[in-house]
Amino acid sequence: MADPISSFSGLASGIQWRDLIDQIMSVDSQRQLDPVNNRITSQKSQISAWTTYQGLVAKLSDAASSLKSGTGFGVFQAAASNSDTSGRALVGVTASSAATPGNYKVEVVDLARAAKLSGTVVADTSLALGASGDFLINGKTVTVSATDSINSIRDKINAVNSGSAASKVSATILSTGGTAGRLILTSDVAGAAGIALVDGSAGVLQSLGVLDGTTSLNGTGTGAVQTNRFSSTTASIASALGIPVPAPSSITVNGRTIAVDLSTDSLASIVARINAAGGSASTVAETANGATVYRMVVSGTVGAATADGQRALEVLGLTQRGRGQVAQVVSTGNALTNALGATATTGTLLTDLGNGAAAGVQAGDTITIGGKRGDGTAVNISYTVTGSDTVQDLLGAINNAVTGFGAGTRPATASLSNGRIVVTDGTGGDSQLALSIVANNEGGATLDFGSTSATTVGRLREVVAGSDAQIRVDGVLLKRNSNSISDAIGGVTLNLLQAEAGTTVTVGISRDFDGATAAVQKFASAYNDIVAYVKTQGAKGAALQTNSTLRTTLHSITSVFFQQVNGLGATNAYQNAALTGVALTKTGTLDVDPAAFTAALASNFDDVSSLFSTHGTVTDGETQFVGSGTASVAGSYDVAITAAATRATLTGSGFSGTYADDATSDTMSITDGYSGRSGSIALNNGDTIDVIVTRLNAMFDSQKLSLAASKSGTNLVITGNNYGSGASFTVGYTAGGTDGSAQLGFAAGTYAGTNVAGTIGGLAATGSGQVLTGVAGGVTDGLAVRYIGATARAAGSLSYVEGLAGLMTRTVNSISDPGLGVVANQITSLNTTMTTLTQRADDVQRRLDLRRAQLTRQFTNMETALSKLQAQQSRLTAQINALSGASGK
Numbered sequence: 009m010a011d012p013i014s015s016f017s018g019l020a021s022g023i024q025w026r027d028l029i030d031q032i033m034s035v036d037s038q039r040q041l042d043p044v045n046n047r048i049t050s051q052k053s054q055i056s057a058w059t060t061y062q063g064l065v066a067k068l069s070d071a072a073s074s075l076k077s078g079t080g081f082g083v084f085q086a087a088a089s090n091s092d093t094s095g096r097a098l099v100g101v102t103a104s105s106a107a108t109p110g111n112y113k114v115e116v117v118d119l120a121r122a123a124k125l126s127g128t129v130v131a132d133t134s135l136a137l138g139a140s141g142d143f144l145i146n147g148k149t150v151t152v153s154a155t156d157s158i159n160s161i162r163d164k165i166n167a168v169n170s171g172s173a174a175s176k177v178s179a180t181i182l183s184t185g186g187t188a189g190r191l192i193l194t195s196d197v198a199g200a201a202g203i204a205l206v207d208g209s210a211g212v213l214q215s216l217g218v219l220d221g222t223t224s225l226n227g228t229g230t231g232a233v234q235t236n237r238f239s240s241t242t243a244s245i246a247s248a249l250g251i252p253v254p255a256p257s258s259i260t261v262n263g264r265t266i267a268v269d270l271s272t273d274s275l276a277s278i279v280a281r282i283n284a285a286g287g288s289a290s291t292v293a294e295t296a297n298g299a300t301v302y303r304m305v306v307s308g309t310v311g312a313a314t315a316d317g318q319r320a321l322e323v324l325g326l327t328q329r330g331r332g333q334v335a336q337v338v339s340t341g342n343a344l345t346n347a348l349g350a351t352a353t354t355g356t357l358l359t360d361l362g363n364g365a366a367a368g369v370q371a372g373d374t375i376t377i378g379g380k381r382g383d384g385t386a387v388n389i390s391y392t393v394t395g396s397d398t399v400q401d402l403l404g405a406i407n408n409a410v411t412g413f414g415a416g417t418r419p420a421t422a423s424l425s426n427g428r429i430v431v432t433d434g435t436g437g438d439s440q441l442a443l444s445i446v447a448n449n450e451g452g453a454t455l456d457f458g459s460t461s462a463t464t465v466g467r468l469r470e471v472v473a474g475s476d477a478q479i480r481v482d483g484v485l486l487k488r489n490s491n492s493i494s495d496a497i498g499g500v501t502l503n504l505l506q507a508e509a510g511t512t513v514t515v516g517i518s519r520d521f522d523g524a525t526a527a528v529q530k531f532a533s534a535y536n537d538i539v540a541y542v543k544t545q546g547a548k549g550a551a552l553q554t555n556s557t558l559r560t561t562l563h564s565i566t567s568v569f570f571q572q573v574n575g576l577g578a579t580n581a582y583q584n585a586a587l588t589g590v591a592l593t594k595t596g597t598l599d600v601d602p603a604a605f606t607a608a609l610a611s612n613f614d615d616v617s618s619l620f621s622t623h624g625t626v627t628d629g630e631t632q633f634v635g636s637g638t639a640s641v642a643g644s645y646d647v648a649i650t651a652a653a654t655r656a657t658l659t660g661s662g663f664s665g666t667y668a669d670d671a672t673s674d675t676m677s678i679t680d681g682y683s684g685r686s687g688s689i690a691l692n693n694g695d696t697i698d699v700i701v702t703r704l705n706a707m708f709d710s711q712k713l714s715l716a717a718s719k720s721g722t723n724l725v726i727t728g729n730n731y732g733s734g735a736s737f738t739v740g741y742t743a744g745g746t747d748g749s750a751q752l753g754f755a756a757g758t759y760a761g762t763n764v765a766g767t768i769g770g771l772a773a774t775g776s777g778q779v780l781t782g783v784a785g786g787v788t789d790g791l792a793v794r795y796i797g798a799t800a801r802a803a804g805s806l807s808y809v810e811g812l813a814g815l816m817t818r819t820v821n822s823i824s825d826p827g828l829g830v831v832a833n834q835i836t837s838l839n840t841t842m843t844t845l846t847q848r849a850d851d852v853q854r855r856l857d858l859r860r861a862q863l864t865r866q867f868t869n870m871e872t873a874l875s876k877l878q879a880q881q882s883r884l885t886a887q888i889n890a891l892s893g894a895s896g897k
């Protein structure tokens with residue numbers, strides 16, 4: 009609703025009372041509200057200033073932490089010389105803080121390569137091939153149906169190259185023109201493991217041209233024979249592969265007959281059977297594509313007398329299908345006959361040749377022979393027929409080692425096959441071999457060799473053979489499946505660029521003094537930023553101008569440079585930072601003399617590092633410094649061990665060495681308390697202690713249990729790999745029929761190790777595995793050592809040095825800690841005050857708003873009253889005027 013007319017300022021009174029109210033309220037606001045808002049603004053400025061300061065102190069903490077941990081000093085320069093022979097760079101090298109200065113001789117014998125295979129050319133990659141069956145590619149099953157084309161087979165291969173257990177093999181189609189193409193398989197990772205293929209009984213891979221019909225043993229290179237990789241040693245071969253397996257059969261190992269049934273047999277059971285027969289076999293673990301896999305390795309030769317046995321060898325991978333080269337073959341189009349119409353032979357006279365009947369070739373006629381050898385060089389021959397020449401003479405001209413296809417670095421061979429002249433490239437792989445033979449028929453003959461074409465396209469099945477990198481480091485030959493090798497030289501990664509066998513380059517690792525100097529300069533810069541900031545805050549009008557806490561914190565930071573570094577030892581050449589070229593100036597800033605600091609590093613690197621870094625050293629060879637806590641105090645402390653840590657161990661008793669049971673297997677289950685993982689094995693009638701140990705260790709590997717099985721005489725032993733009460737394991741049994749587990753003398757239950765016990769500096773400490781840690785409340789609070797010995801004894805003395813950077817870190821963290829630091833307390837206090845001031849400002853504003861409303865009502869009432877009086881006056885005036893007018897008449 010519209011305001012009444014009386015609410016308009018001065019309409020009745022002639023007074024601009026709304027302006028008057030604004031003036032009154034402005035005076036009240038300046039006197040009551042502005043001081044509160046000014047304090048709020050000041051609080052906000054102080055909070056912002058403290059927040060900025062907190063960031064600067066945190067920056068100093070980060071710079072100090074780099075020096076405290078030694079990271080700033082653990083910078084290395086790494087370089088490799090180029091080849092003296094070729095001038096090429098053979099090795100790239102990087103070094104981490106774990107490196108050690110030194111020079112190493114490195115020879116790059118060979119690079120790691122990713123395997124690549126090629127199939128045969130098909131006329132149309134989208135048409136059904138009519139092939140059906142299964143095959144394995146790196147242990148993954150691919151099922152092909154008769155309606156599949158090369159394109160769809162490619163897609164099926166790529167489908168199994170996904171997820172956490174991908175095949176690591178990619179399939180592509182290489183177009184050879186128009187709709188034609190060939191299947192290409194490429195390993196996603198380098199290494200000799202390459203692409204493991206097992207063709208199904210239908211021979212799909214052979215029909216695709218990826219494999220040929222030959223077989224060979226899958227040798228290890230050391231005279232043994234190995235299987236393909238399997239994910240488990242205990243799972244049946246059939247379940248592991250997921251393809252149809254041959255019927256139960258037998259194989260021979262060094263002449264011994266071994267029964268195999270791949271529907272139930274595992275690698276472990278076949279190994280046990282070979283060893284029981286007097287052979288030598290074992291399972292070995294490898295890492296492939298980041299996962300642990302297993303092979304069976306057999307010493308000696310293997311074979312099979314039956315088709316099922318041969319198939320079993322192939323499914324296991326003990327034998328492999330060939331990947332031989334395919335040589336290009338070109339042939340004339342028309343079949344040649346003799347004078348009687350029979351298929352021509354090499355002894356047929358050229359004058360008797362024809363295409364079903366004698367063509368009337370005469371002596372003196374010429375034959376033009378042209379084309380290209382496999383390497384692309386041209387062949388041009390003009391052959392003149394004589395009356396005694398035979399087809400063999402013509403073939404001799406074609407094969408001529410000077411002018412014919414038999415010449416050059418890639419000779420081919422011509423022959424006669426079913427009346428057609430066929431030229432075969434002497435080298436497999438891609439080829440430019442081409443042939444044309446034209447009978448010129450000068451005497452009127454009708455001989456026609458026909459158009460020539462490639463009946464077999466040359467190609468390499470194995471385009472690239474997967475290979476491991478081979479390097480020699482200081483004369484020691486190493487093989488790895490990657491060209492990036494980080495486990496040859498400690499803390500160093502070698503990136504192999506090019507192979508050059510016989511050439512040795514020098515890899516040099518040296519400390520990077522410039523990097524250490526830069527770390528100290530960063531520390532000084534962060535400190536100087538704090539000094540400069542405190543100075544600006546001391547200026548007139550600054551947010552923290554009068555704040556004494558700010559100056560106190562700077563004093564505590566600066567005082568670190570005047571503190572004694574306890575525990576450093578009198579033999580250290582540098583007892584304070586100034587001796588290394590890092591000193592406070594007269595203006596309070598921290599100055600770094602790069603030349604002096606570098607000289608100190610070069611003179612005694614360890615002493616400089618010890619001055620700045622937090623570290624501990626122990627005099628006993630079986631005691632190691634682990635770490636410290638924020639409350640740890642520098643000093644020297646004796647370490648006393650009252651009980652060494654132990655691993656969980658259980659040894660059976662009374663076992664005969666051979667498990668005796670009924671026909672149904674028992675099951676042993678084991679849970680690893682350290683990792684939380686579990687697994688089980690079968691206990692079969694007739695299993696020897698060696699078989700049980702092998703089976704357990706294979707299960708431990710596959711399930712990643714932190715345990716190991718061994719034997720003591722004929723008794724089973726299981727031992728945890730880790731120490732302490734948390735490294736336990738639990739054994740349980742499930743009977744298959746009659747329970748035979750008692751004969752192991754290996755009771756069901758939980759078995760745990762014990763923690764180390766002892767004192768540090770005579771004060772209480774708690775043990776966890778082999779680590780002993782000082783308890784809270786004392787000077788050794790948080791100090792931790794690892795004792796790897798086996799007996800209780802005095803274990804040396806621990807010297808703990810906090811270091812200059814450690815002292816600085818502790819100091820600045822007490823200032824900048826987001827929860828409990830000095831800055832956080834200041835900000836919390838300011839926020840609390842600001843909350844109170846904001847509430848007060850709101851209260852004052854409410855009172856002022858009420859005051860304005862009251863004044864507005866009063867003036868409005870005045871206007872209303874005056875308006876009414878004015879209205880009455882108008883009425884009276886009108887009445888008087890009316891009376892005066894009436895009397896005048």
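Taking the working numbering, I'd label the letters of the sequence shown as residues 9 to 897.
Backbone N, C-alpha and C define an ideal beta-carbon position, used for all residues, glycine too.
Would you kindly check if the distance between the Cβ of A803 and the Cβ of V634 is under 9 Å?
-> no
Rounded Cβ spacing between V764 and A653 (contact assumed at less than 8 Å) = 4 Å
Starting from L68, trace the alpha helix (DSSP H) both ways and give me its first and last residue.
-> 42-76
Out of curiosity, what's the CA-to-CA distance linking Q866 and S50?
-> 38 Å
Return helix, strand or coil for G6, following the three-state DSSP convention.
-> Outside the shown range of the chain, which is 9 to 897, sits residue 6, and nothing can be said about it.
Sequence-distant residues of the same chain with beta carbon closer than 7 Å to T155, five excluded per side | A136
From what residue to what residue does the beta strand (DSSP E) around V218 run?
-> Unbroken run through V218: none, as it is neither H nor E.
For the region 192-199 against the region 109-128, are there 3 or more C-beta pairs whose distance is under 8 Å?
-> yes
Where L752 sits in the DSSP three-state scheme | helix
Indicate the three-state DSSP secondary structure (helix, strand or coil) for F570 in the structure shown.
-> helix
Taking S339 and S461 to be in contact with their CB atoms under 8 Å, please state how far apart those CB atoms are, rounded to whole angstroms.
-> 7 Å
Can you tell me the Cα-Cα spacing of S14 and I888, whole angstroms?
-> Annotation note: pLDDT 47 at S14 (below 50); position unreliable, coordinate value reported separately. Using only the alpha carbons, I get a separation of about 26 Å.
Can you grab the Cα-Cα spacing for the pair M9 / A890, in whole Å?
-> In this prediction, M9 has a pLDDT of 42, which is less than 50 and means its spatial position is unreliable; what the coordinates show is noted afterwards. Cα to Cα, M9 sits roughly 37 Å from A890.
Close beta carbons around A232, own chain, < 7 Å, minus the five adjacent residues each side = V305, V306, S307
If you draw a straight line from the alpha carbon of G549 to that of L815, how long is it in whole angstroms?
-> 34 Å
Among N408, A422, G451, E470, which has the Cα closest to the Cα of G437?
-> E470
Would you grab the beta carbon distance between S617 and F81 for me? Rounded to a whole angstrom, and I think it's under 8 Å.
-> 4 Å
Pull up the distance between the alpha-carbon of Q38 and that of R848, whole angstroms please.
-> 15 Å
Quick one, which of A800, A656, A861, V261 has its alpha-carbon nearest S733's?
-> A656
Would you be able to state if there are at least three C-beta pairs under 8 Å between the region 369-385 and the region 446-458?
-> yes
Taking K380 and A335 to be in contact with their CB atoms under 8 Å, please state how far apart those CB atoms are, rounded to whole angstroms.
-> Contact doesn't hold; Cβ gap of about 15 Å is too wide.
Going by beta carbon distance, what residues of the same chain come within less than 8 Å of G221, once the five residues before and after it are set aside?
-> Q214, R329, G330
Kindly confirm or deny that the region 93-104 and the region 496-506 touch, where touching means at least three C-beta pairs closer than 8 Å.
-> yes
For S105, which of S77, K113, D92 has the nearest alpha-carbon?
-> S77
Looking at the structure shown, is L275 part of a helix, part of a strand, or coil, going by DSSP?
-> helix
Which residues share a DSSP beta bridge with H623?
-> V809
Touch check for the region 50-66 and the region 817-837: three-plus C-beta pairs under 8 Å?
-> yes
Where do the N-terminal and C-terminal ends of the beta strand (DSSP E) with I259 fall, by residue?
-> 257-261
DSSP on D269, reduced to helix/strand/coil?
-> coil
Give me the Cα-Cα distance between V261 and A299, rounded to the nearest whole angstrom.
-> 30 Å
To the nearest angstrom, how far is it from the Cα of S244 to the Cα of G811?
-> 60 Å
Report buried or exposed for L485, applying the criterion of at least 16 other Cβ atoms within 10 angstroms of its Cβ.
-> exposed
For the beta strand (DSSP E) holding A328, just list the boundary residues, first then last.
-> The identity of residue 328 in the sequence shown is Gln, whereas the question assumes Ala. Element bounds for Q328: 327-329.
Under the DSSP definition of a beta bridge, which residues are partnered with A946?
-> Nothing in the structure corresponds to residue 946, since the chain is present only between 9 and 897.
Run of the beta strand (DSSP E) containing Y759, from where it starts to where it stops | 757-759
Simplified DSSP state of I13, which is helix, strand or coil = Any reading at I13 is ruled out, since the residue's pLDDT is 46, under 50, leaving its predicted position unreliable.
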